[in-house]
Amino acid sequence: MEHYVMNLTLKVWRQKNTNDKGRFETYHVKNISSEMSFLEMFDVLNEQLIQEGKDPIAFDHDCREGICGMCSMVINGRPHGPWHRNTTCQLHMRAFRDGDVIVVEPFRANAFPVIKDLVVDRSAFDRIIQAGGYISVNTGSAVDANAIPVEKDKADAAFAAAACIGCGACVAACKNSSAMLFVSAKVAHLGLLPQGQPERKTRVLNMVAQMDKEGFGACTNTGACEAVCPKGISIDYIARLNRDYMMAALSSPE
Amino acid sequence: MKLDAKIPPGPLENKWTYYKGHCKLVNPANKRKLEIIVVGTGLAGASAAATLGELGYRVKAFCFQDSPRRAHSIAAQGGINAAKNYQNDGDSVFRLFYDTIKGGDYRSREANVYRLAEVSVNIIDQCVAQGVPFAREYGGLLNNRSFGGTQVKRTFYAAGQTGQQLLLGAYQALERQVALGNVIMYPRHEMLELVLIDGKARGIICRNLINGKLERYFGHAVLLCTGGYSNVFYLSTNAMGSNVTAIWKAHKKGAFFGNPSFTQIHPTCIPVSGEYQSKLTLMSESLRNDGRIWVPKIKGDKRHPNDIPEEERDYYLERRYPAFGNLVPRDVASRAAKERCDAGYGVGTTGQAVYLDFRYNLINKYGRAEASRRGIKDPDEETLVQLGKEVVKEEYGNLFDMYEKITGENPYEVPMRIYPAVHYTMGGLWVDYELMTTVPGLYALGEANFSDHGANRLGASALMQGLADGYFIIPYTIGNYLADEISTKPIHIDHPSFEEAERAVTERIEKLLDVKGTQTVESFHKRLGKIMWDKCGMSRNEAGLKSAIEEIRSLRKEFWSDVRIPGSANEFNPELDKAGRVADFLELGELMCIDALHRNESCGGHFREEFQTPDGEALRDDANYSYVAAWEYKGESQWELHKEPLIFEEVQPSQRSYK
Numbered sequence: 001m002e003h004y005v006m007n008l009t010l011k012v013w014r015q016k017n018t019n020d021k022g023r024f025e026t027y028h029v030k031n032i033s034s035e036m037s038f039l040e041m042f043d044v045l046n047e048q049l050i051q052e053g054k055d056p057i058a059f060d061h062d063c064r065e066g067i068c069g070m071c072s073m074v075i076n077g078r079p080h081g082p083w084h085r086n087t088t089c090q091l092h093m094r095a096f097r098d099g100d101v102i103v104v105e106p107f108r109a110n111a112f113p114v115i116k117d118l119v120v121d122r123s124a125f126d127r128i129i130q131a132g133g134y135i136s137v138n139t140g141s142a143v144d145a146n147a148i149p150v151e152k153d154k155a156d157a158a159f160a161a162a163a164c165i166g167c168g169a170c171v172a173a174c175k176n177s178s179a180m181l182f183v184s185a186k187v188a189h190l191g192l193l194p195q196g197q198p199e200r201k202t203r204v205l206n207m208v209a210q211m212d213k214e215g216f217g218a219c220t221n222t223g224a225c226e227a228v229c230p231k232g233i234s235i236d237y238i239a240r241l242n243r244d245y246m247m248a249a250l251s252s253p254e
Numbered sequence: 001m002k003l004d005a006k007i008p009p010g011p012l013e014n015k016w017t018y019y020k021g022h023c024k025l026v027n028p029a030n031k032r033k034l035e036i037i038v039v040g041t042g043l044a045g046a047s048a049a050a051t052l053g054e055l056g057y058r059v060k061a062f063c064f065q066d067s068p069r070r071a072h073s074i075a076a077q078g079g080i081n082a083a084k085n086y087q088n089d090g091d092s093v094f095r096l097f098y099d100t101i102k103g104g105d106y107r108s109r110e111a112n113v114y115r116l117a118e119v120s121v122n123i124i125d126q127c128v129a130q131g132v133p134f135a136r137e138y139g140g141l142l143n144n145r146s147f148g149g150t151q152v153k154r155t156f157y158a159a160g161q162t163g164q165q166l167l168l169g170a171y172q173a174l175e176r177q178v179a180l181g182n183v184i185m186y187p188r189h190e191m192l193e194l195v196l197i198d199g200k201a202r203g204i205i206c207r208n209l210i211n212g213k214l215e216r217y218f219g220h221a222v223l224l225c226t227g228g229y230s231n232v233f234y235l236s237t238n239a240m241g242s243n244v245t246a247i248w249k250a251h252k253k254g255a256f257f258g259n260p261s262f263t264q265i266h267p268t269c270i271p272v273s274g275e276y277q278s279k280l281t282l283m284s285e286s287l288r289n290d291g292r293i294w295v296p297k298i299k300g301d302k303r304h305p306n307d308i309p310e311e312e313r314d315y316y317l318e319r320r321y322p323a324f325g326n327l328v329p330r331d332v333a334s335r336a337a338k339e340r341c342d343a344g345y346g347v348g349t350t351g352q353a354v355y356l357d358f359r360y361n362l363i364n365k366y367g368r369a370e371a372s373r374r375g376i377k378d379p380d381e382e383t384l385v386q387l388g389k390e391v392v393k394e395e396y397g398n399l400f401d402m403y404e405k406i407t408g409e410n411p412y413e414v415p416m417r418i419y420p421a422v423h424y425t426m427g428g429l430w431v432d433y434e435l436m437t438t439v440p441g442l443y444a445l446g447e448a449n450f451s452d453h454g455a456n457r458l459g460a461s462a463l464m465q466g467l468a469d470g471y472f473i474i475p476y477t478i479g480n481y482l483a484d485e486i487s488t489k490p491i492h493i494d495h496p497s498f499e500e501a502e503r504a505v506t507e508r509i510e511k512l513l514d515v516k517g518t519q520t521v522e523s524f525h526k527r528l529g530k531i532m533w534d535k536c537g538m539s540r541n542e543a544g545l546k547s548a549i550e551e552i553r554s555l556r557k558e559f560w561s562d563v564r565i566p567g568s569a570n571e572f573n574p575e576l577d578k579a580g581r582v583a584d585f586l587e588l589g590e591l592m593c594i595d596a597l598h599r600n601e602s603c604g605g606h607f608r609e610e611f612q613t614p615d616g617e618a619l620r621d622d623a624n625y626s627y628v629a630a631w632e633y634k635g636e637s638q639w640e641l642h643k644e645p646l647i648f649e650e651v652q653p654s655q656r657s658y659k
């Protein structure tokens, strides 16, 4: 793999706090190696800003290996940037060329208010999980793990849904800021397993109700969410959620 | 002060049962009057908070990330051990116990390790009940893989994302308790001080990271579940925010620090590529199941790895350790890689890498099995490779993708280049059998304590320990303490001890911001990391450690006179957060070097060059160093050493052999 260095222009969204109106500011970075990660390029820029006595750009990040779901950023109009099935922290600078202009914004959604610059508040996702994204089993009351066999294909499908990292790219990509992909992944993960059956109906009803309450929009099946999902969560799970929801709504006591 | 580990009486296999049968209990009505603080929401913290909430205690849980689900346990890849013996290959609680004691090079406590092995089986049951989607066989039963330092298959896994799945299980259990009102969750909060009242842990001071305000919280007991401190090396496999601050504050308030220098260097990480590098990425140990590690037999061989014929490759682990081969424990594998690279056989542009090659098993293990399953007779090599790839993708797909994103190379076609990197810290706060530190009412769980892994942790045992501590141990042991606290009314946060603790935090933050120097926090952290890696890393010696101590002291001085932190205290200010963490690392680094210097032996991951066998293995000194070094903080650069002797009743320490 050939390595190269580049000079870049960045247009980055700056917003002091939730109430600030916010604006784009332009920065120049030089001698960026193609081997760097996108966030390492931001580290370089921030070191430069601190040296110049300016306020560094706030952005969320933690594991930097694509699994914690903390990094966000919309890069050139696309959540997590140009690479397919990728998080911002795993994006590397070989995706860019010398002289490129890169526009960086926060994940935008009413349910994800900006805290500062590129940092948003995604606690709505935690509250959706609180509404039913679990199997109610207290510690100590479990039976032997092999007592309930699970068909391999179902276990694999449950795992594929459970791979969601809760980053919120699906919401940021959706024109309606819908959280359906996130919610459906959890509903599918638990609903595919025998352990998840007792709460299957209440789970889907309550999680969807909480999603609506948080101000996420409706799903119109454009598929933008799946296209940007770093873990490749399929919109088939949304169809599955809709089936579960209908079934639960039609058969619930009220 | 004499250290009392409070090991229950009786034979090893009955100790935990005896303890559970005799510890004090708190009745349900009284539990509702008792408040517990849990700091950190990784496997240990989330499982503890959820379980204590289920029991009826009033729990407050804190994490610095934006959600408890982000804790770094999420990044654990390969798996979790449990002595289920589902594979019928000779596993048992005793074997898991024995492997862990031996893997830790006989520097851990028998009773703790036995209990860990004992509850390991309950963890798997619990996780499956929560809906953790472990890998399964076609018959619907759970699958296992093998890990280093063992000869059985006892590792449960979910592709290369086991930590994620286990953490989500614990996180969901935690959120359920939040919904029920048993746990109050405080994300984006960082603990900056421990509050002691009459010698007992009674609360914490936190900084709300969104608005910068300091907040006070009371608890009848405080649990620190804040993970390890590998980031003292700057470059490690830890998340960027992983830090020592919470346990360091506790240490300075009286909690002894156990074996601080015991660090695990993981053999299979993606090598450093440049000066700008911010972190290192692990490639799971499970890959050593199926990958063979080699370097060219010719020094400085620049040929493409695929052009180097079989007979010109040195599979040095298989050569040196025929019995365990590529599955030797991490410390042994790391040192062996360093030895080859130092001798000039390393590969890649820097020469600081070795190959991890999957082609052999792609063809011979997976390819052949798949061909046979599909009834393909006499398949050619390319067919086998294709079939093998499909299986490997299912097992490790996310890891291979990650490797390709970072390096731009396809590991299905070209061997991975890997090198050891700092990964885990076996050291941590000293705790007794009940997981209580030397401060009454203060507990440490998971990686934050020193307890179970001795001088080297076996792969897939960190997840096991975190969940054992949180789900199955603390719920019993904390009752034994809180039973005597049922008449203690919640202490108001206006109490002078809270005032004083908060004032100390305010002063420290002001002091940091007042330096107004010229160098960034990051630059200090990098320099500290370099000292630690060069002189307190994979191998250590007396002269190096002595000079490291001096260098760290002067770097710390420079930090406090020349660090530049932008912004103010009362706002969202990640640079200030980082500055506080680096300031603590600058103190911890010194203690790690002091500990490494005092231990005149090699054991596990602690390799002192002066103490090695003729063939380069770690040379222990059981006569003089068979103890836990527990350090008491006595003021800046001053520590007093306390020793907890390690008594082996069941296992006889011997020279570890993986040959």
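As you go down the protein sequences, you meet chains V and A in turn. When we follow this note's numbering, the leftmost residue of the first sequence carries the number 1, and every step to the right adds one. When we follow this note's numbering, the leftmost residue of the second sequence carries the number 1, and every step to the right adds one. Each residue gets a CB set at the ideal place from its N, CA and C atoms; glycine is no exception. As the structure is a computational prediction, the values presented were derived from the model and not from experiment.
Taking Ala468(A) as reference, the option from Asp125(A), Phe611(A), Pro28(A) with the minimal CA-CA separation is Asp125(A). Interface annotation, Lys338(A): not in contact with chain V, CB-CB separation never under 7 Å. Those residues of the segment 134-167 of chain V placed with their C-beta closer than 7 Å to a C-beta in chain A are Tyr134, Ile135, Ser136, Val137, Asn138, Thr139, Ala142, Val143, Asp144, Ala145, Asn146, Pro149, Val150, Glu151, Lys152, Ala155, Ala158, Phe159, Ala162, Ala163, Gly166, ordered along the chain.
Distance between Val414(A) and Arg359(A), taken at the CA atoms: about 9 Å.
For His495(A) and Asp622(A), the gap between their C-alpha atoms comes out near 48 Å. The C-beta distance from Ala185(V) to Tyr237(V) rounds to 6 Å, short enough to fall under 8 Å. Taking all protein chains shown into account, Asn14(A) has fewer than 16 neighbouring C-beta atoms within 10 Å of its C-beta and is therefore exposed. Within chain V, the residues Glu65 have their CB atoms less than 7 Å from the CB of Thr281(A), given in chain order. Contact between the segment 158-177 of chain V and the segment 205-213 of chain V is absent: fewer than three C-beta pairs spanning the two stretches fall below 8 Å. Its chain contains Leu586 as the residues whose beta carbon lies nearer than 6 Å to that of Arg556(A), once the 5 sequence neighbours on both sides are disregarded; these appear in chain order.
Residue-level contact by beta carbon fails for Leu192(A) and chain V, as no gap is shorter than 7 Å.
Beta-carbon to beta-carbon, Glu318(A) and Gly78(A) are separated by about 20 Å, too far to satisfy the 8 Å threshold. Using a Cβ distance threshold of 7 Å, Ile205(A) and Leu214(A) count as a contacting pair.
For Arg32(A), there is no enclosing alpha helix (DSSP H), as DSSP marks it with neither H nor E.
Chain A has a Cβ within less than 7 Å of the Cβ of Asp43(V).
At a Cβ-Cβ threshold of 7 Å, Ala343(A) and Tyr316(A) do not count as neighbours. The beta carbon of Tyr633(A) does not come within 7 Å of any beta carbon belonging to chain V, so the residue lies off that interface.
Using a Cβ distance threshold of 7 Å, His220(A) and Glu485(A) count as a contacting pair. A straight line joining the alpha-carbon of Cys167(V) with that of Gly441(A) spans about 36 Å.
DSSP, reduced to helix, strand and coil, places Asn242(V) within a helical segment of the structure shown. Interface annotation for the segment 519-540 of chain A against chain V: Thr520, Glu522, criterion Cβ-Cβ distance under 7 Å. Where Met93(V) is concerned, there is no enclosing beta strand (DSSP E), because DSSP gives it neither an H nor an E. The continuous beta strand (DSSP E) containing Pro267(A) extends over residues 263-269.
In the DSSP assignment, Thr407(A) falls within the unbroken alpha helix (DSSP H) covering 381-407. Inter-segment contact for the segment 112-119 of chain A and the segment 607-619 of chain A is absent: fewer than three beta-carbon pairs are separated by less than 8 Å.
Taking a cut-off of 8 Å for Cβ pairs, the segment 224-236 of chain A and the segment 36-52 of chain A touch, as three or more such pairs fall below it. Judged by beta-carbon spacing, Gly81(V) lies within the 7 Å limit of Leu91(V), meaning their Cβ atoms are closer than that value. If you look at Gly203(A), you'll find it in the beta strand (DSSP E) that goes 200-208.
In this chain, Arg203(V) is not harboured by any beta strand (DSSP E); it is covered by the alpha helix (DSSP H) spanning 200-213. Within the DSSP secondary-structure output, Thr9(V) pairs in a beta bridge with His28(V), Val101(V).
Sequence-distant partners of Lys659(A) (beyond 5 residues in either direction) whose C-beta falls short of 6 Å from its own C-beta, in its chain, are Tyr321, Ala323.
Taking C-alpha positions only, Cys174(V) is separated from Gly133(V) by approximately 22 Å. Straight across, the Cα-Cα distance linking Tyr217(A) with Tyr57(A) is about 15 Å. With its beta carbon at least 7 Å from every one in chain V, Met1(A) lies outside the interface. In the structure shown, His80(V) falls within a coil segment according to DSSP collapsed to helix, strand and coil.
When 8 Å is used as the limit between beta carbons, Arg122(V) is near these residues of chain A: Asp66, Ser67, in chain order.
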